[in-house]
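Undergrad: This is the structure I have questions about; it appears just below.
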Amino acid sequence: MAAASAENGANGPTSMDAVLLGLGARLHLDRVKAQEQLSRGLDTESWADDPKTQAALVEAVRKLMQSETPECRLGGLQAAGLLLPYVAPSEFDDFVLSGCWDMLEDPEVRIRLAVGDCLGALVKKAGVSVYNRIGSVIVKSIRDHLDRENEGGEEGVDDRGLCSPRFGFNLDGGNQPGTGSFRHDTEGWKCLETSFKALQKVMGGCGRSFAPLMTPDLRDLLYLGLGHFNRFVRETGFLCLGTMCEMLGPEGLGDIKSEVAQKLAKGLADNWSQVRYAASIATRTFLEVLGSRREEVYADILPQMCLNRYYVAEGVKLYSQQTWRLMVSDHGREWVQRLMPHFVDYYIRQCGANNHAVREAACACIAELMMKIGREAVGPYVPRLLLALVDCFKDASWPVRDAACTACGNCVSVFPEESRVVLDELYDLWFAHLWDNIGSVRENTAIALGKAVQAYGEEALSRLLPVLKERLAKAKEQPEHSSQFSDLENTTTFGVAGRRVPDAHVTDQQMFSCGSLAPKLARGGGCMDHGFKREKQPWEASDGAVYLVRELSAVVPSTAAECMPALADLSRLGGFMHCAHLHETVWKAVPTIAANMGKRAFKPHLADLLDSMFLSLKADNQLEAVAAGEAIGAVRDMLGPNIFRGRLTDEQCQMLDTNHNVPPAGTRSNLAARRNPAPVH
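Going by the working numbering, the sequence shown opens with residue 423, and the numbers climb by one from there.
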């Protein structure tokens, strides 16, 4: 023992005394180091083989677990979990079990979590006999703390009636904060969550031997956790459910697979990302355990899994994508077609979900349905899906409107006749969003309108051209100080443009939790009412029109040619705050427009663009300068370097050769034109 300690002394203090001192340290880092040293000593230094050393460790752990100091009790539990596998069954096991019993509802949450880990180590060593002795205590703890309605005399709560003139209601009786409708789903729930975690550790440690103990009553208790008001309890409940599925195996799940699938489906649609993620983990475990019988529950689970592939939380999205590939492999389209009514019903319900991120994902899923699944399978459901998309098109959250706009464009391109029932309303919405204050919404609206022209030809073009010509000229009406016409900040919260000055807009509104995915945002009643109002900026109308010209150039190149003088005028505009943004949009669109028009049609318009193009190349706004450089490089490569250079002044030639924003010749030669295989003439 002494030799071992001396041998390791050069690499740092690894003596047992130092380890035992560190296990009860006040600092977390010191305790972690001591646990690592204890684990290394038990594994590689044969501390457990020496009776004296083992006895000293056991006695030290006893003292730590009986200490009044929380950090000492925590360190004792963690050390006991490491030591148990190396100690022969003895009264030490009984002592640890008794300590876990006493500290199951300890005021310190770290200790309660350590109790669960320690119980897990105990059941791995002693089996289900541990649960037979302490299971009733864990179950009672869970049952006693499922609800808080009858709690009284909590610290910090005044039992006297309170009246707040600021909030305008009486806080007496059932309206006290933390109870009834004023209860928040993130507030603490005492030891309920940690008791569920302890149950999970015991089930996982016992493995299949726990299956006979999973009675209907215990299963129902677990189900209560899945639907609990507190999101942390729900998250832990779904982790327990995954452990239960793994423990029961395919035989134990055979009779209850349908009810388990329905519980998992609710978790996959939970409003909180952490709960969705826990349910996603449990779902994969459930389906893997079922094996060949998992197809029997696909109708209950696949729609939720499919939608979560587009969910905003990265962990949920990536995990769901992996699970989808694992479960259906290359047969995803076949399963969607086979279960089409279930998918459609679920997507439509989620378009009205109490979470803007869910509504956005639902719109993306509907767009995917339109584009990737056969017409025969989707066709009968298009009217219902379109109505749901139109509703989302009026959402208060701009990402939802953006996703709905894209989905509607996909729908009219694949199902033009079925879409006519809402086509007039779609045009109104598209024209309104072509003038939206969010740039990506304007661009995606233009893409959707391009698809409408591709689908309906001259019929759609006749409706677009008057709007296009009017909007292209709008920027000329832009006042110098454009910001004075907007009461919105450049930042957004939950996808909704924020106001600069708080006003009555926030009165009587839903309260939001910090950092959460917000609850449902109010929808507007019409195409221009999305829960906030502000003066539109004329330059934004022209910005959206430039995107539309770009899209039309792929379908009707002659229309783009007619709009080139207007684009040249926009490129020369200046004197207002956002002119650089408008110029950037123009120069980003020019390469695509030129490629779609072709050399012969574009050459006559080049002279009107060159001066403003090179003026933007030396602009102070870097985004504008980069966009101008990319446009210059693209046009040069399309026309040929010599032909292009022949149209430039000496100063412009020098800028062409020296400006770092102009890409080298030939790098843009493979520019892909956005061409339509069947253009409208």
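Where a beta carbon is used, it is the ideal one built from N, C-alpha and C, also for glycine.
Using the C-alpha atoms, what's the distance from N693 back to R945?
TA: Because the pLDDT at R945 is just 47, under 50, the model does not fix this residue reliably, and the value given afterwards should be weighed accordingly. If I take the Cα positions, the gap works out to 18 Å.
Undergrad: Less than 8 Å separating the beta-carbons of S975 and N1018?
TA: Taking 8 Å as the Cβ cut-off, S975 and N1018 qualify as a contacting pair.
Undergrad: Looking at L995: is its Cβ nearer than 8 Å to the Cβ of K898?
TA: Yes, the Cβ-Cβ distance between L995 and K898 is below 8 Å.
Undergrad: On a CA-only basis, which of L809, A721, I703 and G713 is nearest Y741? Give me that one, please.
TA: Y741 has its Cα closest to that of I703, out of L809, A721, I703 and G713.
Undergrad: What's the gap between the Cα of Y508 and the Cα of E782?
TA: Cα-Cα distance, rounded: 53 Å.
Undergrad: According to DSSP, simplified to helix, strand and coil, what is A818?
TA: DSSP places A818 in coil when its eight states are reduced to three.
Undergrad: Under 6 Å Cβ to Cβ from G674, same chain only, skipping five residues before and after it: list those, please.
TA: Excluding residues within five positions, the ones whose Cβ falls inside 6 Å are A633.
Undergrad: Whose C-alpha, out of R462, M1035, V968 and G1051, is nearest the C-alpha of L886?
TA: That would be V968, whose Cα lies nearest to the Cα of L886.
Undergrad: How many Å lie between G879 and H778 at the Cα?
TA: So the alpha carbons of these two residues sit roughly 34 Å apart.
Undergrad: Taking its Cβ as the centre, do 16 or more other Cβ atoms sit within 10 Å of D1059, making it buried, or is it exposed?
TA: Answer is buried; the Cβ neighbour count reaches 16.
Undergrad: Suppose only complete runs of 4+ residues qualify. What are the alpha helix (DSSP H) ranges in the stretch 494-518, listed by chain order?
TA: Runs found: none.
Undergrad: Please go through the same chain and pick out, in chain order, the residues whose beta-carbon is closer than 7 Å to the beta-carbon of P805, but skip the five residues on each side of it.
TA: Contacts found: E840 and V843.
Undergrad: What three-state label does DSSP hand W694 in the structure shown?
TA: Three-state DSSP puts W694 in coil, outside helix and strand.
Undergrad: In whole angstroms, what separates the C-alpha of Y699 from that of G626?
TA: Their Cα atoms are separated by approximately 19 Å.
Undergrad: Within the same chain, show all residues whose beta-carbon is closer than 7 Å to that of V1048, passing over the 5 residues directly before and after it, in chain order.
TA: The residues are N1083.
Undergrad: What are the boundary residues of the alpha helix (DSSP H) that L974 is part of?
TA: P960 to V977 is the extent of the alpha helix (DSSP H) around L974.
Undergrad: Just how far apart, CA to CA, sit H1104 and Q900?
TA: Nothing about residue 1104 can be reported from this structure: the residues present for the chain run from 423 to 1103 only.
Undergrad: Go ahead and pull the three-state DSSP assignment for A1087.
TA: Residue state, collapsed to three classes: coil.
Undergrad: From which residue to which residue does the alpha helix (DSSP H) around R747 run?
TA: Run containing R747: E736 to V750, per the alpha helix (DSSP H) assignment.
Undergrad: Let's see if you can read the secondary structure: which residues bound the alpha helix (DSSP H) around H1003?
TA: From DSSP, the alpha helix (DSSP H) with H1003 extends over C1001 to M1019.
Undergrad: Taking 8 Å as the cut-off, decide whether the C-beta atoms of H1005 and S1038 are in contact.
TA: Yes, they are a contact pair.
Undergrad: Please determine, among Q1044, V545 and H1027, the residue with the shortest C-alpha to C-alpha distance to F1066.
TA: When only C-alpha atoms are compared, the closest one is H1027.
Undergrad: Residues in its own chain within less than 6 Å of Y768 by CB, not counting five upstream and five downstream?
TA: Hits under 6 Å: P725.
Undergrad: Using alpha carbons as the reference points, say which of L1061, L809, D824 and V758 lies closest to P793.
TA: Reading off the sequence shown, one finds Met at residue 793, where the question assumed Pro. Taking only the C-alpha atoms, the option nearest M793 is V758.
Undergrad: I'd like to know if the stretch 490-497 and the stretch 540-552 are in contact, where contact means that at least 3 CB-CB pairs between them fall below 8 Å.
TA: Counting Cβ pairs under 8 Å, fewer than three are found: no touch.
Undergrad: Out of A826, R797, K685 and Y733, which has the shortest C-alpha to C-alpha gap to L809?
TA: When each option's Cα is compared against that of L809, the closest is A826.
Undergrad: Please decide whether K896 counts as near chain D, where near means a Cβ-Cβ distance under 8 Å.
TA: The question asks about chain D, but that chain is absent: this structure has only one protein chain.
Undergrad: Tell me whether R893 is buried or exposed, calling it buried when 16 or more other Cβ atoms sit within 10 Å of its Cβ.
TA: Buried, because 16 or more other Cβ atoms sit within 10 Å of the Cβ of R893.
Undergrad: Just reading off the alpha helix (DSSP H) that T491 is part of, what are its end residues?
TA: T491 -> no alpha helix (DSSP H), and no H or E assigned at all.
Undergrad: Quick check on R706: does DSSP put it in helix, strand or coil?
TA: If DSSP states are grouped into helix, strand and coil, R706 belongs with the helices.
Undergrad: Within the same chain, show all residues whose beta-carbon is closer than 8 Å to that of F853, passing over the 5 residues directly before and after it, in chain order.
TA: Around F853: V889.
Undergrad: Going straight from the alpha carbon of V697 to that of Y733, what length do you get?
TA: One C-alpha to the other measures close to 13 Å.
Undergrad: Over what stretch of residues does the alpha helix (DSSP H) that includes L851 continue unbroken?
TA: Here the alpha helix (DSSP H) through L851 covers L845 to H855.
Undergrad: With distance defined between alpha-carbon atoms, name the residue in A482, K547 and V682 nearest to L663.
TA: That would be V682, whose Cα lies nearest to the Cα of L663.
Undergrad: Could you pull the start and end residues of the alpha helix (DSSP H) that W757 belongs to?
TA: Per DSSP, W757 belongs to the alpha helix (DSSP H) from G754 to R760.
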